[in-house]
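J.: Numbering (the working numbering), first residue to last: 2 to 456. Built from N, CA and C at the ideal position, the CB exists for glycine as well. These figures come from a predicted structure and were not determined experimentally. What follows is a structure written as structure tokens; I'll ask about it next.
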Ligand code: FES
Ligand code: FE
């Protein structure tokens with residue numbers, strides 16, 4: 002049964018029902034209606050450069066293998082044998098010519114075809130009985146597309162193309178995925194850890210919540226913590242001088258962007274005359290790289306686009322934190338648990354030493370060792386506890402900051418339609434409204450035909 006028509010999210014009043022953060026029935030419906038129908042990040046092409054390379058990820062809770070076939074083509078399959086359902090590989094990554102299930106030995110090639118069955122002649126009498134071998138290959142994810150090397154996939158054949166789905170979010174993501182025209186690469190491994198919070202609190206934070214930074218991260222910034230900050234702003238100053246951050250909201254170079262399918266960002270444009278600044282404690286080479294990045298970006302990106310940085314998220318569970326170029330994925334693991342994955346994305350043109358410094362700086366910032374990550378995730382844990390509370394769940398949450406305030410700025414030059422100021426709850430409401438439409442089972446066709454009327 003699909004819970005439909007229940008108004009969990011009220012964009013007129015700016016309130017959200019806390020049931021959506023703890024209820025298991027709602028969670029199960031999210032796996033069906035959100036994660037089995039949305040474009041989800043699977044990895045980066047640089048993780049599987051050679052034929053036979055593969056990585057694992059999950060789509061919702063479903064395990065998938067992403068392979069590069071003999072012809073170089075990238076595909077994704079459910080990591081579940083068609084015989085008794087065992088995983089066909091337990092490795093997180095590797096290179097292979099085939100996947101042999103370790104239960105009874107059914108074997109699949111890189112294209113998912115069932116190529117070998119032990120005892121097929123003697124035991125099966127050369128007969129599958131039900132269909133043919135071609136019917137019993139690995140279940141393939143039907144839609145897979147890349148954006149400057151970032152691989153996304155979707156189980157829903159009727160979904161729009163990845164670019165259509167991204168909308169104006171692509172304008173931002175390009176600045177991270179292809180900053181100097183040379184593409185990007187994943188540098189090093191993936192941090193993975195599990196926290197006791199609903200996945201949406203993390204996405205909610207990244208899609209629109211710049212408001213928390215001055216309070217949540219104050220202790221980290223007061224002790225002098227600064228991450229790598231390619232954006233060029235002074236993060237420490239922004240986060241220790243809260244009032245300065247609030248008063249800057251009336252500046253048109255600070256704005257928030259919300260897109261049709263729930264993505265959003267709170268962004269700043271670096272002043273045109275801002276000097277190149279390297280993070281403290283980094284090398285001369287880093288300073289030279291920052292200069293190079295600035296110059297090259299100006300050639301390949303739009304005049305405003307090349308100056309943009311800030312927080313952001315792509316619905317439902319992807320973000321790239323532009324102060325450290327870290328990809329965040331929030332994998333749902335039940336209504337009360339999230340498995341976070343963090344990757345560091347680097348400009349493919351960055352020298353090795355610069356990459357190492359970027360990874361080190363990023364790891365101090367976000368990921369399990371990151372000071373900001375620890376601040377954030379503990380807040381989400383306690384927000385989840387609050388939603389679980391019998392009394393707490395009777396009371397909705399307030400998401401009305403800036404809701405009735407008319408602060409729209411029309412698209413101009415290479416800037417999309419946006420609202421002045423990076424702080425406000427409208428991005429989150431836009432995110433949750435799309436979440437609700439997906440949950441109600443609206444078809445992609447219906448959602449596309451409805452046009453975009455941002456919160
Ligand atoms: Fe895979 Fe039996 S479960 S071969
Ligand atoms: Fe934060």
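(1) Assign residue 456 to one of two classes, buried (16 or more other C-beta atoms within 10 Å of its C-beta) or exposed (fewer than that).
(2) With 16 as the cutoff for other CB atoms within 10 Å, does residue 232 come out buried or exposed?
(3) Which one of 395, 358, 275 and 346 has the shortest CA to CA distance from residue 285?
(4) In chain order, what residues place their C-beta within less than 7 Å of a heavy atom belonging to ligand 2?
(5) Hey, how far is the Cα of residue 297 from the Cα of residue 309?
(6) Would residue 59 and residue 332 be called neighbours here (beta carbons separated by less than 7 Å)?
(7) According to DSSP, is residue 233 helix, strand or coil?
(8) Cβ of residue 107 within 6 Å of any heavy atom in ligand 1?
(9) In the stretch 174 to 212, which residue ranges form an unbroken beta strand (DSSP E) of at least 3 residues, counting only runs that do not cross its ends?
(10) What do you reckon, is the C-beta of residue 104 under 6 Å from a heavy atom of ligand 1?
(11) Of all the beta strand (DSSP E) runs that stay within the bounds of the stretch 11 to 63, which reach a length of 3 or more residues?
(12) Grouping DSSP H, G and I as helix and E and B as strand, with all else coil, what is residue 402?
(13) Please go through the same chain and pick out, in chain order, the residues whose beta-carbon is closer than 7 Å to the beta-carbon of residue 5, but skip the five residues on each side of it.
(14) Excluding the 5 residues preceding and the 5 following residue 370 in the sequence, name in chain order all residues of the same chain whose CB lies nearer than 7 Å to its CB.
(15) Less than 6 Å between the CB of residue 84 and some heavy atom of ligand 1, yes or no?
(16) Since residue 159 and residue 445 should fall inside the 8 Å C-beta cutoff, what is the C-beta to C-beta distance between them, to a whole number of angstroms?
(17) Going by beta-carbon coordinates alone, are residue 303 and residue 415 separated by less than 7 Å?
(18) Following a CB-centred definition, is residue 87 positioned closer than 6 Å to any heavy atom of ligand 1?
(19) For residue 401, tell me which candidate among 9, 17 and 8 has the shortest Cα-Cα distance.
(20) From which residue to which residue does the alpha helix (DSSP H) around residue 354 run?
(21) Pick helix, strand or coil for residue 164, following the three-state DSSP scheme.
(22) Can you give the beta carbon distance from residue 86 to residue 55, rounded, assuming they're within the 8 Å contact cut?
T.: Taking the coordinates as given:
(1) buried
(2) Because the pLDDT of residue 232 is 44, which lies under 50, any placement of that residue in the model is unreliable, and the number read from its coordinates should be weighed accordingly. Per the 10 Å Cβ criterion, buried.
(3) 358
(4) 206, 213, 214, 217, 218, 373, 376 and 377
(5) 14 Å
(6) Yes, the pair counts as a contact, with Cβ atoms nearer than the cut-off.
(7) With a pLDDT of 42 at residue 233, under the threshold of 50, the modelled position of this residue cannot be trusted; read the value that follows with caution. Coil.
(8) yes
(9) 185 to 187 and 192 to 196
(10) yes
(11) 41 to 45 and 54 to 60
(12) coil
(13) Shown here for residue 5: same chain residues with a beta carbon closer than 7 Å to its own, the five before and five after excluded, namely 441 and 442 in chain order.
(14) For residue 370, where only same-chain residues beyond five positions count, the Cβ hits under 7 Å are 364.
(15) yes
(16) 5 Å
(17) yes
(18) Indeed, a heavy atom of ligand 1 lies less than 6 Å from the Cβ.
(19) 17
(20) 353 to 366
(21) helix
(22) Actually they do not touch by this definition, with Cβ atoms about 19 Å apart.
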